[in-house]
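My numbering numbers the first residue of the sequence shown as 399 and each following residue consecutively.
Only one structure is covered here, and it is reproduced in the block below.
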Amino acid sequence: LEIRTWGIFVLLGFIVGIYYVAKKAERASLKKDDIYDLGFWILVSAIVGSRLFYILYHLSYFKEHPLETLAVWNGGLVFFGGVVFAIPTAIIFMKKKNMNLWKVADWIGPAFALGMFFGRWGCFFNGCCFGTPCTLPWCVAFKPGSPAFEVYGLLKVHPTQLYESFANLIIFFFLTRIERFKPFTGFIFVAYIFLGALTRFLDDFLRYYEPGNIIGPFSLNQYISLALMVGAVITGVVLKNRKRSAGS
Numbered sequence: 399l400e401i402r403t404w405g406i407f408v409l410l411g412f413i414v415g416i417y418y419v420a421k422k423a424e425r426a427s428l429k430k431d432d433i434y435d436l437g438f439w440i441l442v443s444a445i446v447g448s449r450l451f452y453i454l455y456h457l458s459y460f461k462e463h464p465l466e467t468l469a470v471w472n473g474g475l476v477f478f479g480g481v482v483f484a485i486p487t488a489i490i491f492m493k494k495k496n497m498n499l500w501k502v503a504d505w506i507g508p509a510f511a512l513g514m515f516f517g518r519w520g521c522f523f524n525g526c527c528f529g530t531p532c533t534l535p536w537c538v539a540f541k542p543g544s545p546a547f548e549v550y551g552l553l554k555v556h557p558t559q560l561y562e563s564f565a566n567l568i569i570f571f572f573l574t575r576i577e578r579f580k581p582f583t584g585f586i587f588v589a590y591i592f593l594g595a596l597t598r599f600l601d602d603f604l605r606y607y608e609p610g611n612i613i614g615p616f617s618l619n620q621y622i623s624l625a626l627m628v629g630a631v632i633t634g635v636v637l638k639n640r641k642r643s644a645g646s
């Protein structure tokens with residue numbers, strides 16, 4: 399049941415996200431078929447990248463269980479790995495189709511947030527991406543057989559999946575609210591990368607990691623989050639200066 403639920407929520411997140419982008423494209427008189435094709439390649443590359451990162455994070459386990467590297471239906475995807483693979487794939491596709499890169503990216507940003515809202519519910523039902531022990535009223539214990547149970551048994555832990563899920567829902571509404579006021583094309587996408595990375599950085603303080611994934615004060619994903627936030631700021635400055643130069 400958990401495996402099936404995880405897949406349903408991940409697929410639901412993708413469908414809702416691509417539908418959002420397709421509606422935006424339709425209003426801008428772009429071909430919806432191109433958007434659906436773009437979504438397909440983003441999905442494939444994101445799954446490959448996120449699974450590859452997960453395998454690298456748990457390399458010792460997969461060396462002993464090599465056949466499980468392909469068992470994506472059991473959960474085990476790293477969001478940042480998906481981003482690293484999906485972005486260049488999307489860029490190549492959009493250039494091939496002569497799409498306005500940053501215009502479409504501004505639609506993809508909120509779609510990512512919406513997809514993460516649904517996807518993290520899948521993680522919650524699967525019992526992966528869980529937090530550290532806590533005694534707060536909303537903390538939960540996961541069922542036997544789940545990754546969380548394997549670590550903590552019936553001890554209650556932070557539902558970090560839901561923290562990130564609801565944070566992304568807030569980000570979605572925030573980005574769609576400020577869209578009409580964006581100072582330059584590409585701002586909404588850059589804002590999502592920054593806010594999504596910030597959310598993950600903060601969420602990781604409460605999330606469980608194996609000792610090998612902690613380097614100094616932060617997890618490996620927190621260092622990636624910091625790099626993405628810096629990259630988002632730099633990209634935003636470049637795009638803003640480009641618009642200023644074009645207008646002068």
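The beta-carbon is built from N, C-alpha and C at its ideal position, and this holds for glycine as well.
As the structure is a prediction and not an experimental result, all values here were calculated from the model.
Buried or exposed: which applies to aspartate 435, given that a residue is buried once 16 or more other Cβ atoms fall within 10 Å of its Cβ? Flag for aspartate 435 reads exposed.
Validate contact between the segment 625-641 and the segment 595-602 using beta carbons, cut 8 Å, 3 pairs: Segments in contact, yes.
Host alpha helix (DSSP H) of methionine 497 (start-end): Premise fails: methionine 497 is in no alpha helix (DSSP H) and is neither H nor E.
Could you spell out the range, first to last residue, of the alpha helix (DSSP H) harbouring glutamate 608? No alpha helix (DSSP H) contains glutamate 608, which DSSP labels as neither H nor E.
When we look at the beta-carbon of aspartate 431 and count the other beta-carbons within 10 Å, is it buried (16 or more) or exposed? An exposed status is given to aspartate 431, since fewer than 16 other beta-carbon atoms sit within 10 Å of its beta-carbon.
Look up glycine 529 in the DSSP assignment and say whether it is helix, strand or coil. The answer is strand: DSSP assigns glycine 529 an E or B state.
Hey, out of Lys422, Phe491, Cys527 and Ile569, whose CA is closest to valine 549's CA? For the residues Lys422, Phe491, Cys527 and Ile569, the minimum Cα distance to valine 549 belongs to Cys527.
Near valine 476, what residues of its chain come up, given a Cβ to Cβ distance below 7 Å and the 5 sequence neighbours on each side ignored? Correct list, in chain order: Ser448, Phe451, Tyr452 and Tyr455.
Work out the CA separation of alanine 644 and asparagine 566 for me, nearest whole Å. One C-alpha to the other measures close to 33 Å.
Cβ contact check for the segment 488-497 and the segment 556-572: 3 or more pairs under 8 Å: Contact fails: fewer than three Cβ-Cβ distances are below 8 Å.
Quick one: what does DSSP say serine 617 is sitting in, helix, strand or coil? Three-state DSSP puts serine 617 in a strand.
How is the alpha helix (DSSP H) around proline 545 delimited, first residue to last? 545-550 is the span of the alpha helix (DSSP H), which, as asked, contains proline 545.
Residue burial classification, histidine 556 (beta-carbon count within 10 angstroms, cutoff 16): Classification for histidine 556: buried.
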